[in-house]
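Notes for the one structure printed next.
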Amino acid sequence: MALNNPSGAAVTREQELIARVQRGHNDEFYELVRPYERRLFAAAVAILKNEADAEEVVQEAMLKALANIRQFRAEARFSTWLIQITVNEALMRRRRERTVAMEAIDEKQEDEPEYTPRDFADWREIPSEALERKEVRQKLAAALATLDRKYREVFVLRDMEQLNIEETAEALGISVASVKTRLLRARLMLRDLLASGWQQGWFSRLPFEKGTKPWG
Amino acid sequence: MGMTCEHVWREISNYVDGGVEAGLRAAMDEHMRECARCRSVLAGMRDVVRVYGDQRMLDVPSGFGQRLKRRLVRNARQPRWLFWTAWLVPVSAVLLIAGMVGYVNFSGSYHALKSPHAQPGKNIPPQLAVVMQPGARIFHLAGCDLIRNDHDLITMTAKDAIAQGFTPCTRCLRKYLSIVLAPRPPGLDLDGDARPLEALRRP
Chain A
1 MALNNPSGAA VTREQELIAR VQRGHNDEFY ELVRPYERRL FAAAVAILKN
51 EADAEEVVQE AMLKALANIR QFRAEARFST WLIQITVNEA LMRRRRERTV
101 AMEAIDEKQE DEPEYTPRDF ADWREIPSEA LERKEVRQKL AAALATLDRK
151 YREVFVLRDM EQLNIEETAE ALGISVASVK TRLLRARLML RDLLASGWQQ
201 GWFSRLPFEK GTKPWG
Chain B
217 MGMTCEHVWR EISNYVDGGV EAGLRAAMDE HMRECARCRS VLAGMRDVVR
267 VYGDQRMLDV PSGFGQRLKR RLVRNARQPR WLFWTAWLVP VSAVLLIAGM
317 VGYVNFSGSY HALKSPHAQP GKNIPPQLAV VMQPGARIFH LAGCDLIRND
367 HDLITMTAKD AIAQGFTPCT RCLRKYLSIV LAPRPPGLDL DGDARPLEAL
417 RRP
């Protein structure tokens, strides 16, 4: 979690770099962005659901950030500022590519019935080392991708980008209450998906269930 | 149990974020001590937050960083000198405009018009008197038909009238120019039309 809570020295270094770029050392801007590039990409993918578009959006967003670096004020977190620019850019891209009718359908879905958890078996904690395996990360990403866009966006900004509720609401242009409702549903849905992942052996240390013969 | 499971599930996300007030939190804690289903929901939700919040979940395509860096560096090349010289453009524009205004004011080039008739009279006889009516912006020479016999007529020298922005009336213009532009020996400052006010008024 070091990227979300940078040390005092890292913050000072970041502030010095920001000041240098603000004075015109634009060639050092990438060094400022590099610690956050993975989070920026995740935010763009959550909104666009397409890796190629997301990469292009991140590049465009960072060019805008560079062009406006002198408007950045130290009272804001630099990472949050970058994420908000990226989210804006991704939302603009999506609006350009979607019809008004589709946007209207999305908004209607806000009044869905409450989501009820389905799996009540004793929860087995997912081992941290399971995340070292790329196929596990891919399974988790695939589970996330099955969520509706509005739940996915909120979940990624809040739980993966570590924005707070208010920052998430501001970035997406929705109310705090909507963020809380969507976040609850996203978390409950993912919990059920991960519960079924246990049954399918996603998180097993071995590529087959204990007590079974993989060749059998 | 004071709370139902449904009530707990509605608040469980806020509970995980530490966003429920103390009374509600205590009630939820009490419910979950008794309810294995809600404990399972809570444990699973905490796991979801922990697993997806892990930095290892933030994968990027191969070469993503290099491509981003290349794009930024390509766009970053111009501006360092541009940053330090950007202020030169507006400052230069202001200086240029100020210089032009100053030149015009002090060199007299603003008045360097082509027609000699458009130039201010340089040979206006000092004693040449003219009259004007209050509120008008033109002056008349003696004998002009357009001078009304008005007690409020103002009189002054032609030189002062020109300096104050008055212009000759159309009837007087030819006569005025013939006086002003006529070559005169230096030192001769008289003019037959330099007469007192009473003499200027038509009988």
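These protein sequences, in sequence, are chains A and B. End of the first sequence sits at 216 in the numbering used here; the numbers just go up one at a time, nothing left out. End of the second sequence sits at 419 in the numbering used here; the numbers just go up one at a time, nothing left out. Virtual Cβ for every residue (Gly too), placed ideally from N, Cα, C.
Beta-carbon spacing of residue i, residue j below 8 Å
| i | j | result |
| --- | --- | --- |
| glutamate 37 (chain A) | proline 277 (chain B) | no |
| aspartate 119 (chain A) | aspartate 192 (chain A) | yes |
| alanine 43 (chain A) | glutamate 166 (chain A) | no |
| valine 346 (chain B) | alanine 309 (chain B) | no |
| valine 58 (chain A) | arginine 93 (chain A) | no |
| serine 229 (chain B) | lysine 64 (chain A) | no |
| alanine 145 (chain A) | leucine 190 (chain A) | no |
| proline 384 (chain B) | isoleucine 354 (chain B) | yes |
| arginine 124 (chain A) | tryptophan 198 (chain A) | yes |
| arginine 137 (chain A) | aspartate 275 (chain B) | yes |
| phenylalanine 29 (chain A) | alanine 292 (chain B) | yes |
| arginine 195 (chain A) | alanine 74 (chain A) | It is alanine, not arginine, that sits at residue 195 (chain A) in the sequence shown. Not a contact, by the Cβ cut-off of 8 Å. |
Extent of the continuous alpha helix (DSSP H) to which residue i belongs
| i | result |
| --- | --- |
| alanine 44 (chain A) | 37 to 48 |
| methionine 348 (chain B) | Element bounds for methionine 348 (chain B): not the alpha helix (DSSP H) but the beta strand (DSSP E), 345 to 348. |
| glutamine 15 (chain A) | 8 to 22 |
| glutamate 135 (chain A) | 134 to 145 |
| aspartate 192 (chain A) | 176 to 199 |
| threonine 168 (chain A) | 165 to 172 |
| methionine 273 (chain B) | First-last for methionine 273 (chain B): undefined, no H or E at that position. |
| leucine 32 (chain A) | 29 to 33 |
| phenylalanine 280 (chain B) | 280 to 292 |
| threonine 86 (chain A) | 78 to 97 |
| phenylalanine 155 (chain A) | 149 to 155 |
| isoleucine 395 (chain B) | 386 to 397 |
| tryptophan 202 (chain A) | Where tryptophan 202 (chain A) is concerned, there is no enclosing alpha helix (DSSP H), given that its DSSP letter is neither H nor E. |
Cβ-Cβ separation, residue j to residue i (assumed contact under 8 Å), whole Å
| i | j | result |
| --- | --- | --- |
| arginine 158 (chain A) | leucine 140 (chain A) | So it is not a contact: roughly 16 Å between Cβ atoms. |
| methionine 219 (chain B) | alanine 243 (chain B) | 5 Å |
| proline 117 (chain A) | tryptophan 225 (chain B) | 6 Å |
| alanine 186 (chain A) | leucine 131 (chain A) | Alanine 186 (chain A) to leucine 131 (chain A), Cβ: 19 Å. No contact. |
| leucine 32 (chain A) | leucine 17 (chain A) | 5 Å |
| aspartate 361 (chain B) | proline 350 (chain B) | Contact flag wrong, Cβ pair sits at about 19 Å. |
| alanine 46 (chain A) | arginine 152 (chain A) | 5 Å |
| valine 236 (chain B) | glutamate 227 (chain B) | 6 Å |
| methionine 348 (chain B) | isoleucine 370 (chain B) | 5 Å |
Endpoints, beta strand (DSSP E) assigned at residue i
| i | result |
| --- | --- |
| threonine 373 (chain B) | 370 to 373 |
Residue burial classification, residue i (beta-carbon count within 10 angstroms, cutoff 16)
| i | result |
| --- | --- |
| glutamate 246 (chain B) | exposed |
| proline 341 (chain B) | buried |
| glutamine 84 (chain A) | buried |
| isoleucine 126 (chain A) | buried |
| valine 265 (chain B) | buried |
| alanine 379 (chain B) | exposed |
| methionine 316 (chain B) | exposed |
| valine 100 (chain A) | Because valine 100 (chain A) carries a pLDDT of 48, less than 50, the predicted location of this residue cannot be relied on, and no value is offered for it. |
| glutamate 135 (chain A) | exposed |
| alanine 67 (chain A) | exposed |
| tyrosine 319 (chain B) | exposed |
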